[in-house]
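Novice:
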Amino acid sequence: MDYNLYINGAPVATETHMDIFNPATGDLLGRCPVATRAQLDAAVDAAANAFKSWSKVSDADRKAACHGIGQLLEEKAEELAKLLTEEQGKPLNGVGSRFELGGCQGWTHYTADLELPVQVIQDNEEGRVELHRKPIGVVGSITPWNWPLMIAIWHIIPAIRTGNTVVIKPSPYTPLSTLRMIELIAGTLPKGVLNVVSGKDDLGQMMSEHEGIQKIVFTGSCATGEKIMASAAPTLKRLTLELGGNDAGIVLPDVDAKAIAEGLFWGAFINGGQTCAALKRLYVHSDVYDDVCAALTEFARNIPVGNGLDENMILGPVQNEMQYNKVKGLVEDAVAGGAKVLLGANPKSGKGYFYPTTLLADVTDGMRIVDEEQFGPALPIIKYDDIDDAIMRANDSDNGLGGSIWSNDIAQAKALASRLECGSVWINKHGMIQPNVPFGGVKGSGIGVEFGEEGLKEYTTIQAVFA
Numbered sequence: 000m001d002y003n004l005y006i007n008g009a010p011v012a013t014e015t016h017m018d019i020f021n022p023a024t025g026d027l028l029g030r031c032p033v034a035t036r037a038q039l040d041a042a043v044d045a046a047a048n049a050f051k052s053w054s055k056v057s058d059a060d061r062k063a064a065c066h067g068i069g070q071l072l073e074e075k076a077e078e079l080a081k082l083l084t085e086e087q088g089k090p091l092n093g094v095g096s097r098f099e100l101g102g103c104q105g106w107t108h109y110t111a112d113l114e115l116p117v118q119v120i121q122d123n124e125e126g127r128v129e130l131h132r133k134p135i136g137v138v139g140s141i142t143p144w145n146w147p148l149m150i151a152i153w154h155i156i157p158a159i160r161t162g163n164t165v166v167i168k169p170s171p172y173t174p175l176s177t178l179r180m181i182e183l184i185a186g187t188l189p190k191g192v193l194n195v196v197s198g199k200d201d202l203g204q205m206m207s208e209h210e211g212i213q214k215i216v217f218t219g220s221c222a223t224g225e226k227i228m229a230s231a232a233p234t235l236k237r238l239t240l241e242l243g244g245n246d247a248g249i250v251l252p253d254v255d256a257k258a259i260a261e262g263l264f265w266g267a268f269i270n271g272g273q274t275c276a277a278l279k280r281l282y283v284h285s286d287v288y289d290d291v292c293a294a295l296t297e298f299a300r301n302i303p304v305g306n307g308l309d310e311n312m313i314l315g316p317v318q319n320e321m322q323y324n325k326v327k328g329l330v331e332d333a334v335a336g337g338a339k340v341l342l343g344a345n346p347k348s349g350k351g352y353f354y355p356t357t358l359l360a361d362v363t364d365g366m367r368i369v370d371e372e373q374f375g376p377a378l379p380i381i382k383y384d385d386i387d388d389a390i391m392r393a394n395d396s397d398n399g400l401g402g403s404i405w406s407n408d409i410a411q412a413k414a415l416a417s418r419l420e421c422g423s424v425w426i427n428k429h430g431m432i433q434p435n436v437p438f439g440g441v442k443g444s445g446i447g448v449e450f451g452e453e454g455l456k457e458y459t460t461i462q463a464v465f466a
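The numbering of the sequence shown is numbering that gives the first Met the number 0, which starts it at 0 and goes up by one.
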């Protein structure tokens with residue numbers, strides 16, 4: 000099946016397509032349109048023209064439009080979830096495609112109800128000063144392959160809620176589900192408010208350079224984020240960048256290993272570890288190291304991995320060959336350096352990019368699997384003796400997205416958490432996000448935040464009114 004772009008309220012065919020395959024089976028799923036520069040220009044022009052009227056639509060009407068999108072997503076959830084599973088690989092169940100569609104609905108409705116009222120900062124005999132929030136213009140959204148629909152919603156809804164218009168480009172690995180979702184929801188909006196173009200990586204560069212786009216919001220790798228900053232600089236675009244993480248968790252010696260095993264597992268292996276804020280490095284005190292390794296291994300070995308269309312599966316394959324080979328290479332490098340395989344490694348040959356859930360003990364800092372973001376189903380477990388040393392090692396990273404402390408002493412855990420150099424920190428959990436809490440990274444993990452009132456402000460400019 001050939002999919003289409005969606006520009007100015009209508010499907011648009013392309014001359015060139017890319018084949019998209021199911022990562023669990025290798026079967027051809029559909030053909031993705033490859034947009035030309037002229038088609039990107041048409042999408043940007045449509046968004047710019049629509050901005051003239053959409054930016055003047057009442058706040059109440061924009062809120063209602065967003066709620067309408069949320070309702071449509073609920074009605075089409077099963078169709079989109081099935082396509083998402085076939086394309087991305089994540090199971091229908093567990094923290095999979097149905098979960099992702101539920102997140103799309105929840106974030107849409109919550110963001111629709113957010114308000115950015117006029118702020119009065121002075122009102123006295125000398126005069127009145129108000130701060131007004133204004134839409135920016137055309138927003139270019141570039142999304143990744145791990146949570147393609149939910150992250151698209153994270154970009155789209157705050158943009159249109161605040162009066163902007165959007166041109167979105169999905170990842171070339173998972174474009175079909177986004178193309179279908181945009182076709183559905185854009186049809187509920189005025190022509191040109193929401194447009195989708197798809198293609199290869201060069202299309203993203205064209206967007207970040209485009210003079211008709213005023214803001215880029217990007218979720219993806221640090222390396223690509225750096226390229227976007229460089230190419231967006233000549234036009235002084237506003238940027239929101241949610242980039243990679245190499246999140247560390249620190250387990251204190253007072254824990255009950257069996258009690259925290261489930262939380263540790265899902266912190267690390269949500270979406271098969273293919274999540275920016277997943278737990279990527281686990282530092283465990285030597286007093287409980289063996290117990291934590293044993294409890295985590297016992298829990299992990301009982302989680303089924305397979306084709307996501309099977310209702311019994313909880314985890315699926317790695318999404319693409321490039322990422323599969325990266326995970327495989329990092330594990331092999333660690334084992335060659337002395338790491339002990341507690342579970343997994345040694346993937347079986349056959350169809351699909353299935354890499355077994357892998358736990359590695361006797362890992363040391365300096366191994367690539369510790370120093371690099373694996374973004375897959377493999378977790379290094381590192382021993383420490385001194386908490387100050389563990390904090391230092393956790394912070395010894397160019398990334399700073401998230402971190403966690405695991406302890407029965409909540410007061411001590413909170414005190415230690417404040418020393419972690421990251422945008423979000425969790426106590427006895429990892430990676431939990433909420434639509435009312437700003438989310439973003441420090442250091443190389445990004446610029447700006449998403450979610451909540453602070454995230455909504457990212458799509459606006461300030462106008463001070465003196466009276």
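Note that CB positions come from ideal geometry on N, CA and C, so glycine has one too.
(1) Cβ of Ser-197 within 8 Å of Cβ of Pro-32?
(2) Taking the beta carbon of Gln-118 as the centre, do at least 16 other beta carbons fall within 10 Å, making it buried, or is it exposed?
(3) Closest to Thr-218 by C-alpha separation, out of Ala-232, Glu-457 and Ile-141, would be which residue?
(4) Measure the C-alpha to C-alpha separation of Lys-382 and Gln-462 and round it to an integer number of angstroms.
(5) Looking at the secondary structure, which residues open and close the beta strand (DSSP E) in which Glu-470 lies?
(6) Can you say whether Val-326 is buried or exposed, counting buried as having 16 or more other CB atoms within 10 angstroms of its CB?
(7) For Lys-199 versus Gln-213, is the C-beta distance shorter than 8 Å?
(8) What does the Cβ neighbour count give for Glu-86, buried or exposed, with the cut at 16 atoms within 10 Å?
(9) How about Glu-420 and Asn-394: are their beta carbons less than 8 Å apart?
(10) Specify the secondary structure class of Glu-310 as computed by DSSP and reduced to three states.
(11) Look up Tyr-282 in the DSSP assignment and give the residues it is bridged to.
(12) Under 7 Å: does the beta carbon of Gly-198 sit that close to some heavy atom of the ligand MN?
(13) How would you label Pro-22, buried or exposed, when you count the other beta carbons within 10 angstroms and need 16 or more for buried?
(14) I'd like to know whether the C-beta atoms of Ala-276 and Gly-244 end up nearer to each other than 8 Å.
(15) Determine the DSSP secondary structure at His-209, reduced to helix, strand or coil.
(16) DSSP three-state call for Gly-454: helix, strand or coil?
(17) At what residue ranges does the segment 49–80 contain a whole run of the alpha helix (DSSP H), taking only runs of 4 or more?
(18) Excluding sequence positions up to five away, which residues of its chain have a Cβ less than 6 Å from the Cβ of Asn-427?
(19) Does the pairing of the segment 294–314 with the segment 267–284 give three or more beta-carbon distances under 8 Å?
(20) Return the first residue and the last residue of the alpha helix (DSSP H) that Trp-153 is part of.
(21) Determine whether the beta carbon atoms of Val-360 and Leu-341 lie at a separation below 8 Å.
(22) Quick check on the DSSP output: the beta strand (DSSP E) that includes Leu-27 runs from which residue to which?
(23) If you draw a straight line from the alpha carbon of Ala-76 to that of Leu-82, how long is it in whole angstroms?
(24) By DSSP's criteria, Trp-405 is part of a beta bridge. Which residues make up the other side?
(25) For Val-128, which beta-bridge partners are listed by DSSP?
(26) Counting C-beta neighbours from all protein chains within 10 Å, is the total for Pro-552 16 or more, i.e. buried, or is it exposed?
(27) Can you check which of these residues, Asp-255, Trp-153 and Val-128, is closest to Gly-139 by C-alpha distance?
(28) Which same chain residues end up closer than 6 Å to Thr-164 when comparing Cβ atoms and leaving out the 5 residues on each side of it in sequence?
(29) Alpha carbon to alpha carbon, how far is Met-17 from Leu-28?
(30) Would you tell me roughly how many angstroms separate the C-alpha atoms of Lys-89 and Arg-127, rounded to the nearest one?
(31) By alpha-carbon positions, which one of Thr-356, Gly-445, Glu-453 and Gly-95 ends up nearest to Val-436?
(32) In three-state terms, what does DSSP make of Thr-223?
(33) I need the boundaries of the beta strand (DSSP E) containing Leu-240, first residue and last residue.
(34) What separation, rounded to the nearest whole angstrom, lies between the Cα atoms of Gly-500 and Phe-264?
(35) Near Leu-148, what residues of its chain come up, given a Cβ to Cβ distance below 8 Å and the 5 sequence neighbours on each side ignored?
(36) According to DSSP, simplified to helix, strand and coil, what is Val-317?
Specialist: Result, derived from the coordinates:
(1) yes
(2) exposed
(3) Ile-141
(4) 52 Å
(5) Residue 470 cannot be examined here, being either before or after the span of the chain that is shown, 0 to 466.
(6) buried
(7) no
(8) buried
(9) A distance below 8 Å separates the beta carbons of Glu-420 and Asn-394.
(10) coil
(11) Beta-bridge pairing links Tyr-282 to Ile-249 and Ile-381.
(12) Annotation note on the ligand MN: not contained in the displayed structure, which lists no ligands.
(13) buried
(14) yes
(15) coil
(16) The answer is helix: DSSP assigns Gly-454 an H, G or I state.
(17) 58–74
(18) Trp-405
(19) With the cut-off at 8 Å, the segment 294–314 and the segment 267–284 touch.
(20) 147–160
(21) Per the sequence presented here, residue 360 reads as Ala, with Val not at that position. It is a contact, given that the beta carbons lie within the stated cut-off.
(22) 27–32
(23) A straight line joining the alpha-carbon of Ala-76 with that of Leu-82 spans about 10 Å.
(24) Beta-bridge pairing links Trp-405 to Val-250.
(25) Gln-121 and Phe-465
(26) Because residue 552 is not part of the residues shown, which for the chain are 0 to 466, the question remains open.
(27) Trp-153
(28) These residues qualify, in order along the chain: Ala-46, Ala-49, Phe-50, Trp-53, Val-137 and Val-192.
(29) Each residue's alpha carbon lies about 11 Å from the other.
(30) The alpha-carbon of Lys-89 is positioned some 54 Å away from that of Arg-127.
(31) Glu-453
(32) helix
(33) 237–241
(34) With the chain represented from 0 up to 466, any question about residue 500 goes unanswered, as that position is not in the structure.
(35) Spatial neighbours of Leu-148 in its own chain (CB-CB distance under 8 Å, excluding positions within 5 residues in sequence) are listed in chain order as Leu-79, Leu-83, Glu-99, Leu-100, Cys-103, Ser-176, Thr-177 and Met-180.
(36) coil
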